[in-house]
Every structure is written in structure tokens, then in C-alpha cells.
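Numbering (the working numbering), first residue to last: 1 to 251. Note that the Cβ used here is the ideal one computed from N, Cα and C, for glycine as well. Please read all numbers here as calculations on a predicted model, not as lab measurements.
Here it is, written out as C-alpha cells:
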């Protein structure tokens, strides 16, 4: 993860050195400070940024009504999974969109898309939700926010150097930060740890762990395992096999 800090800083320094005459010094100082602070964000700061990012996503998407079939189904599914995550109380909502996706932020904001719900059984959804809960509990979502904040700082640094296009992007910094956050990909080790967290949670709550296997199998069949939901290396097929191995070993 440290490389993700070093690389943006190095790129920014190289770029700015070549643009000294057009550089906005005050802007550069502010952007450089953000870069150095990004990976030292406190838990409270990460939660605050996540609150803002989640609120923006909620404004930009159609949320299923409380009495809708999607929300009722989701709330029933998460009831047996309920627990605090890294000190945060999770809240679950459905976005009414055909996209196959789900994500979580460090503040416990977890969103599931109706397109994914249409494709998955209850057991499969519980496996996916458990996986997303794992990213929060294990601190992966916090690291993703730190990375997104660093990327935002790098763009601000370019804006300080006189890049008008980036200056325009920086005027909507929250939108840029949210985009960077949702586009961030977890590492293979993080995805594996979240898979294991979901398996263990389902096992502890005496829920069907087979849903983790069939969910990955469906994702692999739908788009070769490269769906925005749980996309990583190894692909969905390999992860399905790994989860099946854990089930077999537990017998």
C-alpha cells in the first residue's frame, strides 16, 4: 500500500518541477499537505469523508422505498448478519438500477443494487453482503478511502501547476473523491480475507455458506468473472472453488 503513496507524490513532484512558472504556490502547498496527510487520516476523518461520499451517492441514485420488495428483502437478509463493523453501525439500502454491484464504505454505508438482487438467491446475497461487511470490519474500506484521498490530492497538485482541466475537476472535489473511492480495487489478499470473513460470519450465524460458491459461479458465468462486484485476481471461478474447499473441509 505504501507504493500508492510514493507514486502519486513522485509524479506530482516531477510534473510540478517542469511547471514552476505557472504554479499556484498556495495551491501546491495545500495539495502537498493533503498527500502527506492522506495515509495519516484518523478514523474519525475517514468516517466523515465516507459520510459525505455516501450521502452524495444516495442523492445521485434512486433508493428503493422502505416498503418496496427490494428493501424488505434486503432488510430481512441482513437481520441475521447484524453487528457493528469496526466500531460503525452498518446501514443497508438498495439502489434501483440494473447494474450488478454492491459496495461498502468505512462508515458502515453498504449499498446493494437491484440488478444484483434480481440475479442472486437469498443465500448468495447474504454471502455477498457478508463479504462487503468484511471489507469494513477488516479496515479495507478505510484504506480505500485513504487511497482515494491521495488520488484527489494528486489531482489538486496538478491543478496547482496550472492544469485548467484538473482545476475544473477539483471544484467538485467530493464527486472526484467518491468516484476514486468506488473505482478503487482491493488487493487479492484483501478480497481473500473478505471472502473468509463472509464464510466465517455465515458459519457462526448458522447460515448457508454454499451461497458464496454459487454467487461466484454466477458472476463468472455472467461476464467471465470480471464484474464490478468482487472483481479481482484470482477470478470468480477460482474463488468459488476456494469457498467450496472450505465447505468440504468443514464437513
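So is residue i buried or exposed if we call it buried at 16+ other beta carbons inside 10 Å?
i	result
residue 80	exposed
residue 190	buried
residue 93	buried
residue 76	exposed
residue 59	exposed
residue 205	exposed
residue 187	exposed
residue 252	It is not possible to answer for residue 252, since the shown part of the chain is limited to 1 through 251.
residue 71	buried
residue 29	Note that residue 29 has pLDDT 44, beneath the 50 cutoff, so the model's placement of it is unreliable and no number is given.
residue 50	buried
Excluding the 5 residues flanking residue i on each side, which residues of the same chain have their C-beta closer than 7 Å to its C-beta?
i	result
residue 225	For residue 225, the pLDDT reaches just 45, beneath the cut-off of 50, and the residue's location in the model is therefore unreliable, leaving the point undetermined.
residue 89	108
residue 198	127, 130, 131, 134, 212
residue 152	173, 176, 177, 180
Cutting at 6 Å between CB atoms, please list the residues of its own chain near residue i, excluding the five before and the five after it.
i	result
residue 113	95, 97, 99, 101
residue 213	240, 243, 244
residue 46	106, 142, 145
Residue i by DSSP, collapsed to three states: which one?
i	result
residue 62	coil
residue 86	coil
residue 118	helix
residue 92	strand
residue 104	strand
residue 111	strand
residue 198	helix
residue 251	coil
residue 41	coil
residue 139	coil
residue 51	helix
Please work out which residues of its chain come closer than 8 Å, Cβ to Cβ, to residue i, disregarding the five sequence neighbours upstream and downstream, and give them in chain order.
i	result
residue 174	52, 53, 56
residue 222	100, 119
residue 116	99, 100, 101, 102, 125, 128, 229
Under DSSP, the alpha helix (DSSP H) around residue i begins and ends at which residues?
i	result
residue 235	Unbroken run through residue 235: none, as it is neither H nor E.
residue 184	Segment: none, residue 184 is in no alpha helix (DSSP H) and carries neither H nor E.
residue 69	69–78
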